[in-house]
Structures are given as structure tokens and as C-alpha cells.
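Enquirer:
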Amino acid sequence: MKKHIALVPGDGIGPDIVREGVKILSAIAEKFSHDFTTSSYVAGGVALDSEGIPLPEATLDGCKQSDGVLLGAVGGPKWDTLPSHLRPEKALLGLRGGMGLFCNLRPAILYKQLSGACPLKREIIGDGLDIMVVRELTGGIYFGERGRSEDRAYDTMAYTVTEVERIVRKGFEIAQKRSKLLCSVDKANILNSSQLWREVVQRVQSEYPDVEVSHMYVDNAAMQLVRNPRQFDVIVTSNMFGDILSDEASQITGSIGMLPSASLAEDGFGMYEPIHGSAPDIAGKDLANPIATILSVAMMLRYSFSLFEEADAIENAVSSVLDEGYRTADIYTDGMKKVGTSEMGNLIAQAL
Ligand SMILES: NC(=O)c1ccc[n+]([C@@H]2O[C@H](COP(=O)([O-])OP(=O)(O)OC[C@H]3O[C@@H](n4cnc5c(N)ncnc54)[C@H](O)[C@@H]3O)[C@@H](O)[C@H]2O)c1
748 MKKHIALVPG DGIGPDIVRE GVKILSAIAE KFSHDFTTSS YVAGGVALDS
798 EGIPLPEATL DGCKQSDGVL LGAVGGPKWD TLPSHLRPEK ALLGLRGGMG
848 LFCNLRPAIL YKQLSGACPL KREIIGDGLD IMVVRELTGG IYFGERGRSE
898 DRAYDTMAYT VTEVERIVRK GFEIAQKRSK LLCSVDKANI LNSSQLWREV
948 VQRVQSEYPD VEVSHMYVDN AAMQLVRNPR QFDVIVTSNM FGDILSDEAS
998 QITGSIGMLP SASLAEDGFG MYEPIHGSAP DIAGKDLANP IATILSVAMM
1048 LRYSFSLFEE ADAIENAVSS VLDEGYRTAD IYTDGMKKVG TSEMGNLIAQ
1098 AL
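Mapping of the sequence shown onto the numbering used here: position 24 corresponds to residue 771, and the numbering continues sequentially without gaps.
#1: Starting from the C-beta of Leu1048, find all residues in its chain whose C-beta is less than 6 Å away, skip the five residues before and the five after it, and write them out in chain order.
#2: Decide if Asn1063 is buried, meaning its Cβ has at least 16 other Cβ atoms within 10 Å, or exposed.
#3: Taking 6 Å as the cut-off, is the CB of Ser691 close to at least one heavy atom of ligand 1?
#4: State yes or no: is the C-beta of Gly815 nearer than 6 Å to some heavy atom of ligand 2?
#5: Pull up the distance between the alpha-carbon of Ala855 and that of Leu1006, whole angstroms please.
#6: Below 6 Å, is the gap between the Cβ of Asp1081 and the nearest heavy atom of ligand 1?
#7: Among Tyr1050, Ser931, Val1044, which residue has its Cα nearest to the Cα of Val951?
#8: With respect to the alpha helix (DSSP H) encompassing Pro1021, which residues constitute its N-terminal and C-terminal limits?
#9: By DSSP, does Asp1077 sit in helix, in strand, or in coil?
#10: What does the Cβ neighbour count give for Lys1084, buried or exposed, with the cut at 16 atoms within 10 Å?
#11: DSSP three-state label for Lys924, please.
#12: Out of curiosity, what's the CA-to-CA distance linking Pro1021 and Leu1011?
#13: What's the gap between the Cα of Val948 and the Cα of Tyr901?
#14: Give me, in chain order, the residues of the same chain whose beta-carbon lies closer than 6 Å to that of Asp877; leave out the 5 immediate sequence neighbours on both sides.
#15: Report all residues from its chain with a CB closer than 8 Å to the CB of Gly1052; omit the five preceding and five following residues, and keep chain order.
#16: Answer yes or no: do Gly841 and Asp758 have a C-beta to C-beta separation smaller than 7 Å?
#17: Where does Ser1008 fall in DSSP's three states?
#18: Considering only residues of the same chain and omitting the five flanking positions on each side of Trp826, which have a CB-CB separation below 7 Å?
#19: Enumerated in chain order, which unbroken segments of the alpha helix (DSSP H) with a length of 4 residues or greater are wholly contained in the stretch 847-923?
#20: Which whole-angstrom value is the C-beta distance of Tyr889 and Asn986, which I expect to be below 8 Å?
#21: May I ask you to report which of helix, strand or coil DSSP gives Asp982?
#22: Tell me which same chain residues have a C-beta within less than 6 Å of the C-beta of Ala1076, skipping the five on either side of it?
#23: Thinking Gly1107 and Tyr858 are a contact (beta carbons under 8 Å), I'd like their distance in whole angstroms, please.
#24: Report yes or no: do three or more beta-carbon pairs, one from the stretch 918-930 and one from the stretch 994-1002, lie closer than 8 Å?
#25: With H, G and I counted as helix, E and B as strand and the rest as coil, what does DSSP make of Thr1088?
#26: Going by the beta-carbon positions, is the gap between Glu761 and Ser1043 smaller than 7 Å?
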């Protein structure tokens, strides 16, 4: 298979970890005889430094013309005092909006090798966790009408049937490929937009008879995630609820350096990135954990290119390197073998 991938390393540890992602792409291309080519683009703080804006047109165009985007992270203290339209984070919103990426997939996986890093009790997590949060990304309260005067401010949560239907369908499709359990999270006891959300889920449900659906209010879902997270497989929810719940879910896995994410458009095109930020405190020091980025590459292969065997191979390689006791500093515990960013990438490539 021939694919062209746009690389957007960004700031801080972004270049350190994207480099390791590319190593894995090359290892997969060699092992499975694919032809993967890449082009690199600037976004975030580096783009502000070189071009005066967080998202140059050439970056968005290059990403749009690619078959998939691998992003590192953007931002850092150097740009924190800039006015909001010039903040590095604007690049993320521009990329998501510009490429129609309405569906955010955030898996929260607790590897059995790292179960000690989970803040929950052993009897709650059992032999591991694997939850997929499907979050709507381009609607809801972050994009609704807003305003403020001296003594009042408001934000509006609005959804159309079309917006709800397309994300809910993604939720059903993903549930079909997993254990066929879908939990739709809303606040339908209070919010009109949530009542509409629930009606759409109930209507669409008949088209996916193999998927078992439950509905949960968001306050209860936040509680259930720490009380009994193993009841969840796929959670589908709105932009703000998904933002909060996916962070909560990721924290119960104990390590921010391990979790990938995908942001998808309707046609399966996607941008893939680790969930963590640019970690300026460890940038360029060979300390960053590249596994979240490497697993983001696996998601790209699975969700955009339908290369399932290749995606499984990457995930198995990560698991086997963890089995052998190799750990970057963020997941290191006594008795394990400490390695840097680059060596972790090499070990996973070799395991492939
Ligand atoms: N998607 C993005 O690009 C994104 C997301 C979140 C934050 N940010 C930006 O990143 C900058 C730093 O933000 P922050 O400190 O709140 O969050 P962060 O995720 O960058 O770092 C939080 C902590 O986790 C550690 N960490 C993060 N990723 C790691 C990895 N792969 N391996 C080992 N340790 C890792 C860091 O060293 C730090 O101690 C800010 O400018 C913020 O706006 C960007």
C-alpha cells in the first residue's frame, strides 16, 4: 500500500516523539512491504517563531493533501503570554476545523504490565482496562454562541440532529468492532441539547441491533469511571462531556505517556497524536516516552488505512517490550530496565 503521511512535530518533546513514530512507520513498511512517504510541516510555537502565525497555510494544505497526519504536541511557556489568537493551541483548532475532524477517539488502556501505576484499587481494575471514549469534536458548547458583559457571561451548547447522528454512528461502528457495548453519556434530565442527543441515539440504535446501548447522565458516568470502570467499553458523548471524561479515563490508566488519540473526518481521514502536551520540562533530553505516539501510528494504520494486522503488530510489539521490563523514566519502577526515548523506539522497532 502507498500512503503519504504529513508529520507535524510541533514544540517541546514533539520532535523527539514523532521521530520515534516515523521509525515505527519505516519498520512496518519494511515488514509488510508498504510504501510510506512523509513530509514535515510546522505548527504551534515553532510556526509562530518562523512565520508569525500558529498554523501556516502550507501546513494545513500539506495535511489536507496527505493520507493521514501524525502530530506531536504544541505549546510551551515561551508563547504563553501571547494574545489568544496567536497562541500555539490555535493550530490544533485550525487543523481540526480545517480538515473536518469531528470525531475524537481516546482509548484509555491500562496495560497489565503497568497496573501498579493505576490509582484505583486492584479489585476495581481486575486484570486491566480498555475503554474507548468517542467524543464529538466540532460542535457543542466550545463552538456555540457566547458573550460577556461586565457582570454576566454565557456560552451556549447547541447540537443539530446531523451533528449528533454522525458522531453517534461512529460510536456504534466502533462498538461493533469491539465488545458491542455502547454507553451514551448526556445530561438529558436537564439539557435540551442532551434530550435531542438521546432521541437520536434511540432512533439510530435500531440500525445496529447487535450493539447493546445504555444511557448515563454525565455526573453518574464521572462517578462510575472510578467506581467500576470495567462496566464500560465504548462511551459516546458530546464535546465538553467527552473532554472531561476522556481526561478522567486516561488518568485511571496512570500514565500520560502511554495514550494515543485519533481525530477523524467523515471519510476516515484522520489526525493522530498522543494525548499529552509538549512537556517542555523534558524536551530534547531523551526522556520522553514515545509509546503514546507509536500507538497513535497504530491507530492511523487501523482507522485510516484499514491495516489491521499491521496495527496489531505495533500494539503487540509495545506489549512485548514492556514484558521484557523496558521502561522510560515516567513509567519506571524499581527492578525494571530504564531506557531513553530513542532506545524505546529502537526496541519496539526491533520487536516488530
Ligand atoms: N495536544 C497538544 O498539543 C497539547 C495538549 C496538552 C497540552 N499542551 C501544551 O503543552 C504544554 C505543556 O503542558 P502541560 O505541562 O500542562 O502538559 P504535558 O502533558 O505537556 O506535561 C504534563 C507532565 O507530564 C509529563 N509528560 C508529558 N508527556 C510525557 C511523555 N511522553 N513522556 C514522559 N513524560 C511526559 C511532562 O514532563 C509533565 O511533567 C502547554 O503549553 C500546553 O498548552 C498541548
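Note that the Cβ used here is the ideal one computed from N, Cα and C, for glycine as well. Note that the coordinates shown come from a computational prediction; the quantities given were computed from them, not determined experimentally.
Expert: Let me lay it out:
#1: Around Leu1048: Leu1054, Glu1057, Ala1058.
#2: By the 10 Å Cβ count, Asn1063 comes out exposed.
#3: With the chain represented from 748 up to 1099, any question about residue 691 goes unanswered, as that position is not in the structure.
#4: Here the bound small molecules are ligand 1; ligand 2 is not part of this structure.
#5: Just so you know, the alpha carbons of Ala855 and Leu1006 end up roughly 7 Å apart.
#6: Set against 6 Å, the gap from the CB of Asp1081 to the closest heavy atom of ligand 1 is not smaller.
#7: For the residues Tyr1050, Ser931, Val1044, the minimum Cα distance to Val951 belongs to Ser931.
#8: Boundaries for Pro1021: no alpha helix (DSSP H) harbours it, while the beta strand (DSSP E) harbouring it runs 1017-1021, taken from the DSSP string.
#9: The three-state secondary structure of Asp1077, taken from DSSP, is helix.
#10: Residue burial annotation: Lys1084 is exposed, with fewer than 16 other C-beta atoms found within 10 angstroms of its C-beta.
#11: In this structure, Lys924 counts as helix in the three-state DSSP scheme.
#12: Taking the straight line from one Cα to the other gives about 14 Å.
#13: In this model, Val948 and Tyr901 are separated by some 28 Å (Cα to Cα).
#14: Within the same chain, Asp877 has close Cβ partners Ile856.
#15: Sequence inspection shows Phe at residue 1052; the Gly mentioned does not correspond to that position. So the qualifying residues of the chain are Met748, Lys750, Asp814, Gly815.
#16: Between Gly841 and Asp758, the C-beta spacing is not below 7 Å.
#17: In the structure shown, Ser1008 sits in a strand (DSSP, three-state: E or B).
#18: Hits under 7 Å: Gly792, Leu795, Arg834, Pro835.
#19: The qualifying runs are 869-872.
#20: Cβ atoms of Tyr889 and Asn986 come within 8 Å of each other, at about 5 Å.
#21: The amino acid occupying residue 982 in the given sequence is Ile; Asp does not appear at that position. Ile982: strand per DSSP, three-state reduction.
#22: Cβ neighbours of Ala1076 beyond the five flanking positions: Leu1034.
#23: This structure does not reach residue 1107, given that the chain is present from 748 up to 1099, and the question cannot be answered.
#24: With a cut-off of 8 Å, the stretch 994-1002 and the stretch 918-930 do not count as touching, because too few Cβ pairs lie within range.
#25: Helix, per DSSP.
#26: Reading off the sequence shown, one finds Gly at residue 761, where the question assumed Glu. In this structure, Ser1043 does not lie closer than 7 Å to Gly761 by Cβ.
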